[in-house]
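Protein chains in written order, with the numbering used here: chain A, 1 to 183; chain B, 1001 to 1183; chain C, 2001 to 2183; chain D, 3001 to 3183.
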């Protein structure tokens, strides 16, 4: 994973599913965010990225890691509709928030996809607790590596917490059993 | 993963493969250790645990994570031999160190397996940089979860390093792209 | 597989893809037909039945076995559209004929699905060279068994051919290497 | 599958498992035989060919198709032993007959493997009801295709039966539901 340190652009979503109110990255600050861009008609999205998103959602504590799906409609625009996306989410039993990327009047690439410079679907973006992009990958990704990267990010200090305290926190990860107090 | 904080017992190995000299957990202190106990004739070991061990070995930096295989012969003793284990390692192209657990004159359970109270094969033990057991699981384990747990453990301070320095280190994980300097 | 001997009802399709002209079972008489009913939003259809249909199409000679897909829209009617089905077929690189089951003004179950009494998607119907239903299964089906059943059906005599001749033909299957002439 | 019409050489086995008495191809005449050559330390044998052999055994009627395993020890001779093979069969819950190919005093290739000209493990040989080789493949094989080939072979006339009668038999396969009597 190459070092990427750009601040994650805000999401632009025209319709949200699985959430009572619109989500923003700003509102998720302090949590690690796994942003999974997909399309219903993209074979690798359906066979790999969406099931992986579900596993991420099932594996991590919601207070540590937020999974956000993004339907980045950049092709076959006529095929997609809100009823389709709603039925898809129902049939695949997806429980994490999913946003429909905002259509762009000036071209086929929707706004969020454009801001992130995504190359296609599936794309995975990992955003740290401070809102920085730490990974941006196109195509299927291995579970072990993604798990490791998210696991590492969860150990970083929560912004706003006292520096020394957060360092201590980083040494006592919640994702694994706590070590005994240092001698 | 339940919190487990016992100090990891030292390995007892009668023959090592893929290493020039005998390994000890003491010599691996400072690194996260993934100890993978298996048997050549155990279907879940061969279908799942050994390939996962290889993926762990391929995914993490050796300076961060040491994968150690342990052939924990607790049944079918007559079937196993050094030539068998050697040929197995060759055919499966395994590159990480693998030890043959020391036979126990007093019963079928070899010494390391006995010390750890392993319930069978495959078993996975994760040991932190300070030599504490942080996970001990029997049976197949999911890649995403194991990746997350190892990834989190890699972010813990290396023992012996200065406290403030290790805190800084914890905030700048090697497993993921470095964040920009905090404002 | 239970013995089923009903004559296969004719297909009722409102739109065909991957074929120059509408297909009918009557026009396929003399070939074994694998009729695969699916829906784009049905997880088991997409993960298992559609890939299996493609493998059937790739494995058998078209002159022996015709694969026919049927989009049996019986739920989420609002989600489906011709552009969706067209884009799906394009993205999944499907080359065999696929028909959109005729909508039924009197209820949610489309006409072909209704005639066959299908219980849902995916469903697989195997029809022999004489137009008789020989298998009707709901849910995922194992490749080995389906292969065996289709392979056996291909060995049956083509209707209309002379009885003695077709018997000889049955003894010299095209799907496997020809045996030497009997002594 | 290329047409192969050689008469299948007799098996040469030094030890049999899962059978009360030694098997011979001669004694299996009248049945289709799936001969699966494997080695315990061959990754593709264990991951693919042995599970496929088990599926063949589970799918077809024993009176139609005989699955015969052959441990074709052509390398790592020191690693293999009768206790190893016995424990392997126990752990993998294999129920079909398995023979240990007869060691060859003149070289590493055991006798049956040598007679068939097998290129390695896994190898699959399909033998028809009359004892002719109809397929001989090296490496993993697809379930659908293997199922089709075995399914087709089961439809061939049993040798010794009356010609007209066997033709009728071929038109009434047991592997699929019987068709109604021809009009």
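Just so it is clear, CB atoms sit at the ideal spot from N, CA and C, and this is done for glycine as well.
Closest by C-alpha distance to residue i, when choosing among the options
i                       : options                       : result
residue 1150 of chain B : B:1159, B:1132 and B:1128     : B:1128
residue 2072 of chain C : C:2114, C:2022 and C:2020     : C:2114
residue 1154 of chain B : B:1022, B:1056 and B:1007     : B:1056
residue 90 of chain A   : C:2042, C:2148 and C:2152     : C:2042
residue 47 of chain A   : A:148, A:20 and A:139         : A:139
residue 67 of chain A   : A:124, A:83, A:8 and A:106    : A:124
residue 1029 of chain B : B:1038, B:1062 and B:1045     : B:1062
residue 1040 of chain B : B:1007, B:1099 and B:1027     : B:1099
residue 3035 of chain D : D:3017, D:3008 and D:3160     : D:3008
residue 126 of chain A  : A:105, A:152, A:101 and A:107 : A:152
Rounded Cβ spacing between residue i and residue j (contact assumed at less than 8 Å)
i                       : j                       : result
residue 2064 of chain C : residue 3144 of chain D : The Cβ separation is near 14 Å, so there is no contact.
residue 3131 of chain D : residue 3097 of chain D : That pair is no contact at about 17 Å.
residue 148 of chain A  : residue 1059 of chain B : 6 Å
Coarse secondary structure for residue i, derived from DSSP in three states
i                       : result
residue 35 of chain A   : strand
residue 3148 of chain D : helix
residue 2133 of chain C : strand
residue 3158 of chain D : coil
residue 2101 of chain C : strand
residue 3000 of chain D : Missing from the structure shown is residue 3000 of chain D; chain D here goes from 3001 to 3183 and no further.
residue 3007 of chain D : strand
Distance, residue j Cα to residue i Cα
i                       : j                       : result
residue 1263 of chain B : residue 94 of chain A   : Given a span of 1001 to 1183 for chain B in the structure shown, any question on residue 1263 of chain B remains unanswerable.
residue 2137 of chain C : residue 1156 of chain B : 54 Å
residue 1015 of chain B : residue 3076 of chain D : 19 Å
residue 1074 of chain B : residue 1134 of chain B : 24 Å
residue 12 of chain A   : residue 109 of chain A  : 12 Å
residue 1010 of chain B : residue 1146 of chain B : 22 Å
residue 85 of chain A   : residue 92 of chain A   : 11 Å
residue 1021 of chain B : residue 1103 of chain B : 19 Å
residue 3052 of chain D : residue 3122 of chain D : 11 Å
residue 3024 of chain D : residue 38 of chain A   : 57 Å
residue 2141 of chain C : residue 2049 of chain C : 8 Å
residue 1119 of chain B : residue 112 of chain A  : 50 Å
residue 158 of chain A  : residue 6 of chain A    : 18 Å
residue 3087 of chain D : residue 1079 of chain B : 7 Å
residue 1082 of chain B : residue 1105 of chain B : 18 Å
residue 2101 of chain C : residue 1044 of chain B : 44 Å
residue 2180 of chain C : residue 1017 of chain B : With a pLDDT of only 40 at residue 2180 of chain C, under 50, the local geometry of the prediction cannot be trusted, and the value read off the model is given with reservation. Whole-angstrom Cα-Cα distance: 53 Å.
residue 3107 of chain D : residue 3117 of chain D : 14 Å
residue 160 of chain A  : residue 2054 of chain C : 55 Å
residue 26 of chain A   : residue 1027 of chain B : 45 Å
Opening and closing residue of the alpha helix (DSSP H) in which residue i lies
i                       : result
residue 3026 of chain D : 3025-3028
residue 2059 of chain C : 2050-2059
residue 2115 of chain C : 2111-2116
Boundaries (first-last residue) of the beta strand (DSSP E) holding residue i
i                       : result
residue 2071 of chain C : 2065-2071
residue 127 of chain A  : 123-127
residue 2015 of chain C : 2013-2017
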